[in-house]
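In the working numbering, the protein residues as written are 20 to 365. C-beta: ideal position from N, C-alpha, C; glycine also. A short write-up of the structure that comes next.
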């Protein structure tokens, strides 16, 4: 278990938070229809956002402290995520009722009863459930990680990476990607969780990683031009080989940069640490600031340049979300709302 705060993980968390905002910022509608290539490229470049969040969690949480019981660990960790999940589920459910997106008492009751099992109120809350699932695995994975050699962990990661290549393997071969597949139990977001642990202690060679990252950047374009017929959300999304490569590049580059020049940027890293502490809450509230407030503001629609409009939405979303979450963080028990409370010395 890492006890010393690693500032480069704060920077990674901030970068991931900004990526989420950039991904969601473009307004849908006529403008989006005429800027499809821009939206695809933006989505692809920012797809490492969620994997980076999972990698930071893996770097910080794996393995858990030796000797702690699973019950004690889960009571501490799950408790910090249940509160914000319930609070924002209720918030978005109420918001949907107000916006007449949910109708009828039966539907509302179904939403409320479904909160323990699936994201309710808004789709962005899926992240919370996946993160809780990974937290549940920590006490199970930790004994193995403590005893596993570097090569054993690398073997798991290689097998996981093969599952990310399935869309491309499927162009040539028959591939069982279902729950009866030979590598089914090596698939999913737990790979990013373990990769975060591995890269926090080891480095992939950037002279290899960066050229490979440049190679995978135009793959969505090749998919269209060469008629591969690959589904974007299968071949170029969170659980895909290209995004895993881009995610590892972001992680390793930020880690290397901080290790070489980061100490000279102490003032900047302190500011980024503040944002990092609030990133959980920013993620939860940004979609409200963006799509309920900004997307319905006439000033935003008066901006005719789609790229400028998107940029202004990004800036205002980040600023507005930060202010809201910072104010919430000053309240008692705010850790049960946004997952963080400002300590008195801060």
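Check	Outcome
Rounded straight-line distance, which links the Cα of residue 201 to that of residue 311	44 angstroms
Extent of the continuous alpha helix (DSSP H) run through residue 226	225 to 235
Whole-angstrom distance between residue 357 and residue 36, CA atom to CA atom	14 angstroms
Three-pair Cβ contact test at 8 angstroms for the stretch 295 to 308 versus the stretch 136 to 151	yes
Limits of the alpha helix (DSSP H) - the one that residue 177 falls within	169 to 183
Beta-carbon spacing of residue 213, residue 271 below 7 angstroms	no
Under 7 angstroms between C-beta atoms of residue 66 and residue 28	no
C-alpha gap between residue 163 and residue 178, whole angstroms	17 angstroms
Residue 70 versus residue 116: straight-line alpha-carbon distance, rounded	32 angstroms
Coil, strand or helix - residue 358 by DSSP	coil
Beta-carbon separation (whole angstroms), residue 329 vs residue 40, contact threshold 8 angstroms	The pair is not a contact, with the Cβ atoms about 10 angstroms apart (cut-off 8 angstroms).
Minimum Cβ-Cβ distance from residue 204 to chain C less than 7 angstroms	Going by chain labels, chain C is absent from the structure shown, which holds only one protein chain.
Nearest candidate by alpha-carbon position, reference residue 359, set 325, 299, 327, 333	299
Reduced DSSP secondary structure (H/G/I, E/B, other) of residue 83	coil
Buried or exposed by the 16-neighbour rule on C-beta atoms within 10 Å, applied to residue 318	exposed
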